[in-house]
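Here is the structure we will look at.
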Amino acid sequence: MANAIEDDPRIIEFDVRTDEMLVNMGPQHPSTHGVLRLVLRTDGEIVSEVEPHIGYLHRCAEKIGENLTHRQWIPYTDRMDYLAAMNMNLGWSLAVEKLMKYEVSEKARHLRVLIAELGRIASHLVGMGAYGLDLGTFSPFLYAFREREKILDLFEEACGARLTYSYITIGGLTADLPPGWLQRCEAFLDQFEPIIQEYHTLLTTNAIFVKRTAGVGVLSRDMAIEYGCSGPVLRGSGVDQDLRRDGEAIYTAMYDGYAFEVAVQKDGHYPRDHEYPAVPAGTVLGDCWHRFFVRMLEVVQSMDLVRQSIDRYSACKGTIGEPLKLAEKMPAGDAYLETECPKGQMGFYLVSDGSAKPWRVRARSSSFSNLAVTPELCRGCLIADVPAVVGSLDIVMGEIDR
Amino acid sequence: MVDFLTSTIGLSGWLAWTLAATVSAVLILNVIAGGALVFIWAERKVSARIQDRLGPTRTGGRFGWLQSLADGIKLLAKEDLMPEGADGMLFRLAPYVSFCASFCAFIALPFAFDVVGQRLNVAVFFVVAVLGLEVFGVILAGYASASKWSLFGAMREAAQVVSYEVPLGMCVVVPVMLAGSMDMVTIAEKQAGWFWNWYVFHDPFTFVIFWVYVTCAVASVNRAPFDLAEAESELVAGFHTEYSGLRWSYFFMAEYGSMFLVSAMAAVLFLGGWNGPIPVATLLGFSEGTGDTAPYLIRLLGLANLVGKASLGVIIMMWIRWTLPRLRIDQVMTTCLKYCTPIAAVMFAGAMLWQIGLPGGLIPGAGRPGGEIREGWLEGPGGRAAAPPAADESRDVARVAP
Chain A
6 MANAIEDDPR IIEFDVRTDE MLVNMGPQHP STHGVLRLVL RTDGEIVSEV
56 EPHIGYLHRC AEKIGENLTH RQWIPYTDRM DYLAAMNMNL GWSLAVEKLM
106 KYEVSEKARH LRVLIAELGR IASHLVGMGA YGLDLGTFSP FLYAFREREK
156 ILDLFEEACG ARLTYSYITI GGLTADLPPG WLQRCEAFLD QFEPIIQEYH
206 TLLTTNAIFV KRTAGVGVLS RDMAIEYGCS GPVLRGSGVD QDLRRDGEAI
256 YTAMYDGYAF EVAVQKDGHY PRDHEYPAVP AGTVLGDCWH RFFVRMLEVV
306 QSMDLVRQSI DRYSACKGTI GEPLKLAEKM PAGDAYLETE CPKGQMGFYL
356 VSDGSAKPWR VRARSSSFSN LAVTPELCRG CLIADVPAVV GSLDIVMGEI
406 DR
Chain B
1312 MVDFLTSTIG LSGWLAWTLA ATVSAVLILN VIAGGALVFI WAERKVSARI
1362 QDRLGPTRTG GRFGWLQSLA DGIKLLAKED LMPEGADGML FRLAPYVSFC
1412 ASFCAFIALP FAFDVVGQRL NVAVFFVVAV LGLEVFGVIL AGYASASKWS
1462 LFGAMREAAQ VVSYEVPLGM CVVVPVMLAG SMDMVTIAEK QAGWFWNWYV
1512 FHDPFTFVIF WVYVTCAVAS VNRAPFDLAE AESELVAGFH TEYSGLRWSY
1562 FFMAEYGSMF LVSAMAAVLF LGGWNGPIPV ATLLGFSEGT GDTAPYLIRL
1612 LGLANLVGKA SLGVIIMMWI RWTLPRLRID QVMTTCLKYC TPIAAVMFAG
1662 AMLWQIGLPG GLIPGAGRPG GEIREGWLEG PGGRAAAPPA ADESRDVARV
1712 AP
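Taken in order, these protein sequences are the chains called A and B. Take 6 as the starting number for the first sequence in our numbering and just add one per residue. Take 1312 as the starting number for the second sequence in our numbering and just add one per residue.
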């Protein structure tokens, strides 16, 4: 550790040796996003080492999955990334459908895109608002929640639940949309679009916000790839990877015909960056600011996708089709599928022995890999940077501990 | 009041002084306690409106104006908790040290002409010095709590407040220099008349230094974006992490008391004190001499002016708090040492040179005559300005009051 301190250019007083102090940040701490426990080794305000401890929210979801049928396990996926439960449902459903080589109806496909992208907006809103909270500003958090509530209202209308939906299910969706839903959804998008500029004013371009995030927690491109980071964390480091475009056929087929640009900086430019505030001076690709900005861009991108899916969904004739029965025998074999969830690439693995229950269920969490870079990013930073870095990774403990 | 007690009622000197002191102390205490209740309620309403909420709406009928009182009763009834490893005596002492510092500083604060706890010839110095003592309570609280987070908060506060005392001191010296007195009553008197007589508009240097004062004042009372000592997302609750119930509320009262105090200081030193922007009383023909009620009316008007200005300052602090993210400790120190201190020093020198070159201000005759200012200046501390005003002199001054 001594080397780490001496290598850090920000630490000037080499000749002053002070005592180190071990501090527990969490599991009960306002800014660790749930029950994450970080053990900080601090020297005054400087953090020389951060060690994340996980497992406080472990609920044996994977083991439980071996005793339930495939569809019965859907509610357990809700409780993984509880901020984007729709995307979790989708990931598991697609994994099972991959095993069965099942294809949902065209209408259900577009509805899934619509719901999944709305879920992404909701998740990024929480990530964005909570990040403001981590940096000490409370109001953007409530502004974000105000808009998220409207998305939850839409979800509630569609499936009856506001947090744990179990809406997208194996073989389609549990129900079709109620009448008038699409108009309400479009009204929400119209109302939400100008508000994004407010978020940019309050956070993205705010001088103090930029000071707190620019150049802090720089995750290099190579390190991001080595640690298996994914989602906005990976794209924030400049890696052009989005499973909606680069994923497996069964997943990319869902987005077939949809036009979107991956939110990543290429040649110093973000897609359509003339529409957004300029990247402030002092930021480095891969720092907290870029991770945050990628999320903001993805909100706009998802809104665009939602609009496209509304058009395609309403153009489809017929019904969304019936989902599979609660207990249906699966072909023997195994399947693994990763989908692009708001937090990153969430993978589901299942082994089937031909019965109605999976023989083995396994989930690969994106937040877990994203959290793993914390010790690297926080080495030698200040205490105030720890929430800034952890918040920019946008982790959800329910997904890490499962 | 002492004169009244000795001459009219015929009390002996020491008894009259004690009685007068008690009455003043109780009055000020109630002003702080009552003010804190009002400001806590106001903070809730202001923050709620900023965040698209309603805030308290029910307690006490409309607008929830009794909410703070209800909270006070709740805090009174709370269990008295103290951490096991805490240093009992210091832990109990700390809130009162903080509160007393805030309270004592009010003694020298003039609310209107002659409406002052104790007129001091070194009032400015006294207020700054006593307000600086507030940090001792915070350090004690952090040290005695036996909590690492509290200790971090206390150390931050110590570093921050001690640093910001330097530019704050330079800022308050400028009006002192212009008025030629440290007596706050005299300083306010010198700004009587129209608002262009206020020291903030005296010359460009005082205008700049007013904003430096605002920055330093916000930092010295630990309000956002400088609220590092109780940074929620980093240090749980900072120095008062382990406090609950009434002791915690004392810290709060001290905080709101200090907020009001630095705002009132700004009003007295830069914004004309109890003199309104328009000399209403003079225009209406009120003066000390006209009738029995006129002096009271003038004082009442002055009181409203000063409390209004100070409250405006407090509300602006709230507005800032609910809008901006928090700075990091190194940035707070940079702001102080690299920006506030040099700017304050240069502005101090500039204001001094201005006094020599253009003593009357830019527009001759618009401000106070230069000769008079320099006269008071040359007399130095303890000179005419510091002496208690003679009866006819006070009358002369009050004529140009609000």
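Where a beta carbon is used, it is the ideal one built from N, C-alpha and C, also for glycine.
Are B/CYS1527 and B/PRO1486 touching if we call contact CB-CB under 8 Å?
-> Here residue 1527 of chain B is taken as the residue at index 216 of the second sequence, counted from 1. Here residue 1486 of chain B is taken as the residue at index 175 of the second sequence, counted from 1. No, the Cβ-Cβ distance between B/CYS1527 and B/PRO1486 is not below 8 Å.
Would you kindly work out how many angstroms separate the C-alpha atoms of A/PRO57 and A/GLY39, rounded to a whole number?
-> The count along the first sequence starts at 1 and reaches residue 57 of chain A at position 52. The count along the first sequence starts at 1 and reaches residue 39 of chain A at position 34. Rounded to the nearest angstrom, the two C-alpha atoms are 13 Å apart.
Which residues in chain B sit within 7 Å of A/GLU404, going by Cβ to Cβ distance?
-> Within the first sequence, the letter at position 399 stands for residue 404 of chain A. Under the 7 Å cutoff, chain B gives no residues; its nearest Cβ is about 21 Å from A/GLU404.
Would you mind telling me which residues of chain E sit closer than 8 Å to A/GLU25, beta carbon to beta carbon, in chain order?
-> Protein chains A and B are contained in the structure displayed, whereas chain E is not.
Cβ of A/ALA389 less than 8 Å from any chain B Cβ?
-> Position 384 of the first sequence holds residue 389 of chain A. It does; some Cβ of chain B falls within 8 Å.
Residues that A/HIS38 contacts on chain B, provided the C-beta gap is smaller than 8 Å | Sequence index remark: in the first sequence, residue 38 of chain A carries index 33 (1-based). Those within 8 Å of A/HIS38 in chain B number zero; the least Cβ separation is about 11 Å.
Classify A/ARG407 as buried or exposed, calling it buried when 16 or more other Cβ atoms lie within 10 Å of its own Cβ.
-> For the purposes of this step, residue 407 of chain A is taken as the residue at position 402 of the first sequence. Per the 10 Å Cβ criterion, buried.
Any chain A beta carbon closer than 8 Å to B/THR1517 = What you label residue 1517 of chain B is simply residue 206 of the second sequence in a count that begins at 1. Not a single CB atom of chain A sits nearer than 8 Å to the CB of B/THR1517.
Is the shortest distance between the beta-carbon of A/LEU178 and the beta-carbons of chain B less than 8 Å?
-> If you number the first sequence from 1, residue 178 of chain A lands on position 173. No, because no Cβ of chain B sits closer than 8 Å to the Cβ of A/LEU178.
Closest to A/VAL101 by CA distance: which of A/ALA340, A/TYR172, A/ILE59 and A/GLY396 is it?
-> As a first step, residue 101 of chain A is located in the first sequence; it is residue number 96 there, counting from the start. If we check each option's Cα against that of A/VAL101, A/ALA340 comes out closest.
Compile a chain-ordered list of the residues in the segment 126-143 of chain A whose CB is closer than 7 Å to at least one CB of chain B.
-> Listed by position along the chain: GLY137, LEU138, ASP139, LEU140, GLY141, THR142 and PHE143.
Relative to the alpha-carbon of B/GLU1395, which residue among B/ASN1586, B/ALA1470, B/ALA1455 and B/VAL1449 has its alpha-carbon at the smallest distance?
-> Locating residue 1395 of chain B in the second sequence gives position 84, where the first residue counts as 1. For the residues B/ASN1586, B/ALA1470, B/ALA1455 and B/VAL1449, the minimum Cα distance to B/GLU1395 belongs to B/ALA1455.
Contacting residues, own chain, Cβ-Cβ under 7 Å from B/MET1400 (five flanking each side not counted) = Numbered from 1 along the second sequence, position 89 holds the residue referred to as residue 1400 of chain B. For B/MET1400, where only same-chain residues beyond five positions count, there are no Cβ hits under 7 Å.
Using a Cβ cut-off of 8 Å (strictly closer), state whether B/ILE1654 contacts chain A.
-> Against the second sequence, residue 1654 of chain B aligns to sequence position 343. For B/ILE1654, the closest Cβ of chain A is not nearer than 8 Å.
Report, in whole angstroms, the separation of the C-beta atoms of B/VAL1537 and B/VAL1529, which I expect to be a contact under 8 Å.
-> Here residue 1537 of chain B refers to the residue found at position 226 of the second sequence. Here residue 1529 of chain B refers to the residue found at position 218 of the second sequence. Reading the sequence as shown, one finds Phe at residue 1537 of chain B and not Val. Between B/PHE1537 and B/VAL1529, the beta carbon gap of about 6 Å places them in contact (Cβ cut-off 8 Å).
Starting from A/CYS190, trace the alpha helix (DSSP H) both ways and give me its first and last residue.
-> For the purposes of this step, residue 190 of chain A is identified with residue 185 of the first sequence, where counting begins at 1. Here the alpha helix (DSSP H) through A/CYS190 covers 186-197.
Starting from A/ARG5 and walking both ways along the alpha helix (DSSP H), at which residues does that stretch end?
-> Missing from the structure shown is residue 5 of chain A; chain A here goes from 6 to 407 and no further.
May I ask you to list, following chain order, the residues of the segment 1540-1556 of chain B that have a beta carbon less than 9 Å from some beta carbon of chain A?
-> ALA1542, GLU1543, SER1544, GLU1545, LEU1546, VAL1547 and ALA1548
A/GLU111 - DSSP class collapsed to helix/strand/coil = The residue labelled residue 111 of chain A in the question sits at position 106 within the first sequence. In this structure, A/GLU111 counts as helix in the three-state DSSP scheme.
Terminal residues of the continuous beta strand (DSSP E) containing B/VAL1473?
-> For the purposes of this step, residue 1473 of chain B is identified with residue 162 of the second sequence, where counting begins at 1. Premise fails: B/VAL1473 lies in the alpha helix (DSSP H), 1459-1490, not in any beta strand (DSSP E).
If you pair each beta-carbon of the segment 310-317 of chain A with each one of the segment 159-174 of chain A, do three or more pairs fall below 8 Å?
-> no
What are the boundary residues of the alpha helix (DSSP H) that includes A/ILE213?
-> Position 208 of the first sequence, counting from 1, holds the residue named residue 213 of chain A. Counting along the chain, the alpha helix (DSSP H) containing A/ILE213 begins and ends at 212-218.
Run the CB neighbour count on A/GLN202, radius 10 Å, all protein chains shown included, and call it buried at 16 or more, exposed below.
-> Reading the first sequence from its first residue, position 197 is the one you call residue 202 of chain A. By the neighbour-count criterion, in which 16 or more other beta carbons inside 10 Å mark a residue as buried, A/GLN202 falls on the exposed side.
Along chain B, in chain order, which residues have C-beta atoms closer than 7 Å to that of A/ILE255?
-> Here residue 255 of chain A refers to the residue found at position 250 of the first sequence. Simply none; closest approach about 41 Å.
Based on the DSSP output, what are the partners of A/SER357 in its beta bridges?
-> Translated into the one-based positions of the first sequence, residue 357 of chain A becomes position 352. A/SER357 pairs with A/GLY338 and A/PRO363.
Since B/ALA1535 meets chain A, which of its residues come closer than 7 Å, beta carbon to beta carbon?
-> Taking the second sequence and counting its residues from 1, one reaches residue 1535 of chain B at position 224. Near B/ALA1535 (Cβ distances below 7 Å), the residues of chain A are GLY141.
Less than 8 Å separating the beta-carbons of A/LYS2 and A/ILE255?
-> No answer is possible for residue 2 of chain A: it lies beyond the span of chain A, which begins at 6 and ends at 407.
Contacting residues, own chain, Cβ-Cβ under 7 Å from B/GLU1683 (five flanking each side not counted) = On the second sequence, position 372 is the one that residue 1683 of chain B refers to. A caution first: B/GLU1683 carries a pLDDT of 46, below 50, which makes its placement in the model unreliable, though a value can still be read off. Nothing meets the Cβ criterion.
Taking three-plus beta-carbon pairs below 8 Å as touching, is the segment 380-396 of chain A in contact with the segment 222-229 of chain A?
-> yes
Which parts of the segment 240-300 of chain A are runs of the alpha helix (DSSP H), unbroken and 4 residues or longer, counting only runs that do not cross its ends?
-> 248-251 and 254-257
So does the segment 175-183 of chain A actually touch the segment 275-287 of chain A, counting three or more Cβ pairs closer than 8 Å?
-> no
Buried or exposed by the 16-neighbour rule on C-beta atoms within 10 Å, applied to A/ALA127 | Position 122 of the first sequence holds residue 127 of chain A. By the 10 Å Cβ count, A/ALA127 comes out buried.
Out of B/SER1458, B/GLU1566 and B/LEU1377, state which residue places its alpha-carbon closest to the alpha-carbon of A/MET26.
-> Taking the first sequence and counting its residues from 1, one reaches residue 26 of chain A at position 21. Closest in alpha carbon position to A/MET26, among B/SER1458, B/GLU1566 and B/LEU1377, is B/SER1458.
Opposite A/ILE51 in the DSSP bridges: which residues?
-> Translated into the one-based positions of the first sequence, residue 51 of chain A becomes position 46. Answer is A/ASP48 and A/LEU387, bridged to A/ILE51.
Check A/MET85 in the structure and name its three-state DSSP category.
-> Taking the first sequence and counting its residues from 1, the one referred to as residue 85 of chain A is at position 80. Reduced to three states, the DSSP call for A/MET85 is coil.
DSSP on B/MET1493, reduced to helix/strand/coil?
-> Residue 1493 of chain B sits at position 182 when you count from the first residue of the second sequence. It is coil, neither helix nor strand.
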